Structure formats: structure tokens, C-alpha cells
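S.K.: Positions 7 to 316 (the numbering used here) are the ones given, in order, by the sequence shown.
Beta carbons: idealized from backbone N, C-alpha and C, even for Gly.
The structure presented is a predicted model; accordingly, all values stated were derived computationally and were not measured.
Next up is a structure, given as C-alpha cells.
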Amino acid sequence: MNAGLIGIGKYVPPHILTNADLEKRMDTSDEWIRTMTGIQERRIADDSIDSSHMAYNAAADAIKDAGIKPEEIGLILVATVTPDQPFPSVSAMIQDQLGAKNAAAMDISAACSGYMYGIVTAKQFVESGTYDYVLVVGVEKLSKITDWEDRNTAVLFGDGAGAAVIGKVSEGRGVLSFELGADGSGGKYLYQDEKLIMNGREVFKFAVRQMGQSAINVIEKAGLTKEDVDFLIPHQANIRIMESARQRLDLPVEKMSKTVHKYGNTSSASIPISLFDDVAEGKVKDDDVIVLVGFGGGLTWGALCIKWGR
Ligand code: COA
């Protein structure tokens with residue numbers, strides 16, 4: 007029996023911040039941002055929208071899509087490095103708001119890889135028979151830890167949330183394989199000291215190396231080859247990093263998810279937001295083999311090979 011994603015949801019705040027808006031605030035250009043990152047605009051949550059608000063909205067949609075009642079959820083996992091406050095956790099806040107009165111709740115801190123860590127943890131609980139349903143949310147309000155004086159990082163990030171309900175799926179479908187990893191020696195390249203601090207060059211090198219390798223590893227662990235892969239959903243950090251992973255899998259452009267141009271890097275929310283859009287647009291269909299791969303601060307990484315469908 008495999009666990010899989012039986013319902014998905016997404017929320018992005020309404021306010022759009024374009025590259026042209028950033029040109030007015032700092033010494034940058036639309037051309038530099040597009041060429042170096044692929045980003046054209048991102049969503050920014052205003053003061054009335056915190057992480058719990060975005061997480062709640064994405065989660066409520068995922069639960070509705072799954073066709074279950076909130077009371078049936080056994081565990082809520084929220085991946086975030088930008089919770090409303092250190093505690094109570096975002097997961098406990100939305101447990102109450104959703105009316106998921108039988109669910110345990112905890113947050114996961116694995117930066118941009120957090121959603122992958124969440125799905126893998128949920129899979130263990132579902133496949134062991136401990137819980138019928140686990141809710142996993144990736145949510146970030148990165149705008150509140152962004153240093154708006156630092157053009158090296160301010161242009162990269164955005165806010166948003168994506169969610170999934172994990173439950174049992176039919177024979178042959180679901181999460182076929184996974185890989186999680188960490189290298190704490192690279193923590194110095196991407197961290198928060200009040201505001202977000204990054205060594206872009208080092209993170210870039212790590213990401214290019216790790217994304218392709220993790221994607222290959224999960225394909226092999228699933229007993230498949232590159233030719234079996236129908237669609238790739240890489241963490242939406244930078245189009246050049248995403249392209250390197252696509253080329254490693256020899257996939258055509260149309261077989262890779264791309265939302266970085268409209269949302270920027272939303273950290274733990276980027277893969278579930280992309281997955282939601284890809285399913286909505288018919289790019290991911292039942293029985294497709296899809297590979298999800300992410301990396302982030304920690305340093306951490308994670309990948310999943312999934313046969314889509316309930
Ligand atoms: N607008 C205009 N110029 C900018 C700029 C901006 N927003 N940000 C940096 N620059 C300038 C730099 O000041 C530098 O100028 P200089 O040569 O006069 O000193 C030049 O562009 C090159 O900067 P550098 O940082 O060396 O560029 P890079 O090739 O490493 O690209 C990133 C920068 C951020 C696009 C790239 O490093 C990257 O994507 N790294 C990974 C980041 C990431 O994915 N983080 C999230 C992980 S989850």
C-alpha cells in the first residue's frame with residue numbers, strides 16, 4: 007500500500023510586486039533580474055496576511071479537494087521558516103481554525119526543502135497505519151525577513167502557501183521513492199540573522215550539483231529510468247538552476263514546471279504551489295510519473311518520485 011497526495015490546495019496573496027516596482031526602490035533592473043533568475047514578479051503579503059492565514063486557505067482547499075472532513079486528519083505538518091511567531095506553531099493555529107480537533111500538530115524547519123520533509127514524514131504515518139490522513143502545508147512570508155536594502159536577495163523571494171492531504175491511494179500510485187538529506191556545514195551560506203543572508207554563488211553551486219543528483223537517485227530508487235519521467239517539478243529558486251536539473255534528466259522544456267516568473271522563490275511553498283498550477287493546467291495527469299526536487303537552507307535537500315493519482 008502506497009501513500010499519495012489525495013487533495014491539493016494553494017494560496018497566494020493578491021498584491022503583486024513587479025521588477026519595475028523594485029527598480030524604483032533599489033539599484034536593479036528588470037533585465038538583470040529576468041536574465042539572472044527568470045523572475046518577473048512575486049506576491050507580497052501585507053500586514054493583515056500572516057503565514058497562518060495563507061496556510062489555512064491552502065489547507066482548507068486541499069481538504070475540500072480530498073473530500074474528507076477536518077476531524078478525520080490525524081496529524082498536521084506545516085513546513086515554514088517564517089511562522090507568525092516562534093510558538094504556538096502555525097500547525098496548531100490552523101488545527102483550531104480548520105476544526106481538525108483530532109489532529110496532532112507540529113511545524114517543520116527545513117527551509118525550502120520543508121515540504122519534501124513533510125510529505126516523507128506524512129507517508130511514514132499513513133503507510134504504518136497510524137493515521138488515515140496527514141495534512142502537509144508549505145507556507146512562507148519571506149517578505150518579513152527580507153532585507154529590502156540588499157539587492158542581492160530582495161529581488162528573489164515571494165510569499166505564498168501550498169498544501170496536500172496525504173492518504174492511501176490505489177495500487178501502483180502514490181509516492182514511489184524519496185530522498186532527504188542535509189549538510190549542516192553549508193549553513194553559513196544561507197541563514198537568518200534577523201534578516202535573510204545569502205552567499206548566492208555558493209548556494210548556486212550546491213543547488214546545481216544536488217538537484218540533478220537527487221532527481222536521478224529517486225528515479226533509480228523507484229526502479230525507473232529517466233525515460234519513464236513525464237514531468238519535473240523543481241524548487242522554483244532560479245530558472246538557471248531549474249534548467250540544469252531538466253537537462254540532467256534530458257527532458258524537453260514543456261515537461262518542467264515553471265512558476266518562478268510569477269511567484270519568485272516562495273521557499274517551502276514553491277513546489278506545492280507549482281504542483282497545484284500544473285495539475286490545474288492539465289500538465290500533470292493521472293498515472294504520470296513526476297519528480298519533485300528541492301534544496302534550501304540548512305543546507306537541506308529532498309526529492310520524491312510519484313505516480314500521480316488517487
Ligand atoms: N540587480 C542588479 N545587479 C545585481 C543584483 C540585482 N538585484 N544583485 C547582484 N547584482 C550584481 C552584483 O552586485 C555583482 O556586481 P559586481 O560584479 O559589480 O560586483 C553582479 O551582479 C554579479 O553578482 P553575483 O552575486 O556574483 O551574481 P551571480 O552570478 O552569483 O548571481 C544570483 C546572483 C543570486 C542570481 C545567483 O547567485 C543565485 O541564483 N544563487 C542561488 C540563490 C538561491 O537559489 N537561493 C535560494 C535558495 S533556496
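CB of G206 to nearest heavy atom of the ligand COA: below 6 Å?
M.R.: yes
S.K.: Should G187 be counted as a contact of the ligand PLP given a C-beta to heavy atom distance under 6 Å?
M.R.: This structure does not include the ligand PLP; its bound ligands are the ligand COA.
S.K.: Quick check on this structure: which residue in D165, G135 and V142 has the alpha carbon closest to the alpha carbon of S149?
M.R.: Checking every option, the nearest Cα to that of S149 belongs to D165.
S.K.: In chain order, what residues of the same chain lie with their CB nearer than 6 Å to the CB of E185, ignoring the 5 residues before and after it?
M.R.: Short of 6 Å from the beta carbon of E185, and not among the five residues preceding or following it, lie these beta carbons of its own chain, in chain order: S220, N223, V224 and A309.
S.K.: In the DSSP output, what is M42 paired with across the bridge?
M.R.: None, per the DSSP bridge assignment.
S.K.: Report whether the distance from the Cβ of F282 to the nearest heavy atom of the ligand COA is below 6 Å.
M.R.: no
S.K.: At 4 residues or longer, and completely inside the region 72-137: list those alpha helix (DSSP H) runs for me, N to C.
M.R.: As far as the region 72-137 is concerned, its whole alpha helix (DSSP H) runs of at least 4 residues are 96-104 and 120-133.
S.K.: Checking 7 Å against the spacing of the C-beta atoms, do K30 and A64 come in under that value?
M.R.: no
S.K.: Who pairs with F184 in a beta bridge, going by DSSP?
M.R.: In the DSSP assignment, F184 is bridged to L310.
S.K.: Under the DSSP definition of a beta bridge, which residues are partnered with N271?
M.R.: F163
S.K.: For the beta strand (DSSP E) holding D199, just list the boundary residues, first then last.
M.R.: L196 to D199
S.K.: CB of R157 to nearest heavy atom of the ligand COA: below 6 Å?
M.R.: yes
S.K.: Short check: CB of G304 to CB of A117, under 7 Å?
M.R.: yes
S.K.: Decide yes or no for the touch test of the region 237-254 against the region 289-308: beta carbon pairs closer than 8 Å, at least 3 of them.
M.R.: yes
S.K.: Apply the 10 Å Cβ neighbour rule to D56 and answer buried if 16 or more other Cβ atoms are within range, or exposed otherwise.
M.R.: So D56 counts as buried.
S.K.: Quick check on DSSP: helix, strand or coil for M7?
M.R.: coil
S.K.: Would you mind sorting R207 into buried or exposed? The rule is 16 or more other CB atoms within 10 Å of its CB.
M.R.: exposed
S.K.: Is any heavy atom in the ligand COA found nearer than 6 Å to the beta carbon of C118?
M.R.: yes
S.K.: For D52, count neighbouring C-beta atoms within 10 Å of its own C-beta (all shown protein chains included) and say buried if the count is 16 or more, exposed if not.
M.R.: exposed
S.K.: If you draw a straight line from the alpha carbon of G187 to that of W307, how long is it in whole angstroms?
M.R.: 5 Å
S.K.: Taking E146 and A66 to be in contact with their CB atoms under 8 Å, please state how far apart those CB atoms are, rounded to whole angstroms.
M.R.: 18 Å between Cβ atoms; not a contact.
S.K.: Any heavy atom of the ligand COA closer than 6 Å to the CB of N244?
M.R.: yes
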